Structures are given as C-alpha cells and as structure tokens.
Amino acid sequence: MIAIGSDHAGYDLKEEIKKYLQEKGYEVKDFGTSSGGCSVDYPDFGLAVAEAVRSGECEKGIIVCGTGIGISISANKVPGIRAALCTDSFMAKMSREHNDANVLALGARVVGPGLALDIVETWLNSEFVGGRHKTRVDKISQIEEKFLK
C-alpha cells in the first residue's frame, strides 16, 4: 500500500497522482488534505504519511506541498524515514537505487502533472541496489540513533 498526503498547495497534484496509482492497480491510503480550498499545515500531512511508512502500515509514501521542501523536512524528522525531494526522474531513480528512499516528495509549484507522474513511475519501479550504498544508508540510521538517545 502507498501512503499519500499533501497540504492545500499540493492537493490537486496529490489527487492526480492518487488517480494514476489506482489506475495502475496500486492500493493507496490518502492521509489528506481533503481539499485545496483552505490553508493547512504541511507538517501534519508529512508526519501522517511518514508514520504510516515507519509503522509498516504502508510500504512507501508520496507527499506533496508547494515546493516539496517543507513537507520533506517534516517527514524526515521521523526515524527510519528517508524522504527524497525529486524534481526529475533521474533524481527519483537515484533516490531509490542509492538512498533507499521510502518516501517521495514533490513540489506542486515546481513540477507539472506530466513530469510528476513520470517521477512517480520511475521512483516506484526503481529498487535499492545495496552494496556500498547500504553502508551509507546504515550510517544515516546511526545518525538517527545517536540523536534518539
């Protein structure tokens, strides 16, 4: 299952991504927001998606705000989350292959719907390659552990 969430600025793009994923046969759990009409706070939705991924309720997550910056910072505060803000398909591929990103962040005011769907498709179809990259991802986990104590 894929968790998805956005603030008001990312709402329309989130809805397009959700529809695309469902058409491709993915099960999607929407953590909101439920409209683009009123201002809401991106940390609430970044946290909800990150917690769903961390707990194992969802395998991966996709988060959207105006730039993707704030919501990705919020999600990355949750231990075990590696949210990658991607603005092109190469970044999406590398975030999975090298960083084992488990949350994809997008900026609705940065990428259009066509590019966003290509980024999502690339990200979902890329796999972590491990090897020397696992050592680096493990070091990220060690940093989290250091500050959790």
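The sequence shown: position 50 = 49 (numbering that gives the first Met the number 0), numbered continuously. For glycine and all other residues, C-beta sits at the position ideal for the given N, C-alpha and C. Since this is a predicted model, take the numbers as computed values, not measurements.
Take residue i as the anchor and find which of the options has the nearest alpha-carbon.
| i | options | result |
| --- | --- | --- |
| VAL27 | ASP6, GLY60, ASP43, ALA83 | GLY60 |
| ASP11 | LEU105, ILE142, VAL128 | LEU105 |
| SER73 | CYS37, TYR25, ALA47 | ALA47 |
| LEU123 | GLU50, TYR25, GLY31 | TYR25 |
| GLY69 | ASN98, ALA8, ILE142 | ALA8 |
| VAL110 | GLN141, LYS92, THR66, VAL52 | THR66 |
| SER88 | THR121, TYR41, GLY130 | THR121 |
| ILE1 | SER38, GLU58, PRO42, VAL39 | GLU58 |
Just to confirm, is the Cβ distance from residue i to residue j under 8 Å?
| i | j | result |
| --- | --- | --- |
| PRO112 | GLU15 | yes |
| PHE44 | SER94 | no |
| LYS13 | VAL63 | yes |
| ARG81 | ILE139 | yes |
| ASN101 | VAL136 | no |
| GLY31 | ARG53 | no |
| GLU96 | VAL128 | yes |
| ALA83 | LEU114 | no |
| SER71 | LYS92 | no |
| LEU116 | TYR41 | no |
Which first and last residues belong to the beta strand (DSSP E) in which residue i is found?
| i | result |
| --- | --- |
| VAL102 | 102-106 |
Can you tell me whether DSSP reads residue i as helix, strand or coil?
| i | result |
| --- | --- |
| ILE80 | coil |
| LYS133 | helix |
| VAL119 | helix |
| GLY113 | helix |
| LYS148 | coil |
Identify the continuous alpha helix (DSSP H) that holds residue i and give its terminal residues.
| i | result |
| --- | --- |
| PHE89 | 88-96 |
| VAL128 | Taken as a continuous stretch (DSSP letters only), VAL128 belongs to no alpha helix (DSSP H), as it is neither H nor E. |
To test your reading of the DSSP string, which unbroken alpha helix (DSSP H) runs of 4 or more residues are found completely within the stretch 1-80? 10-22, 41-54, 68-74
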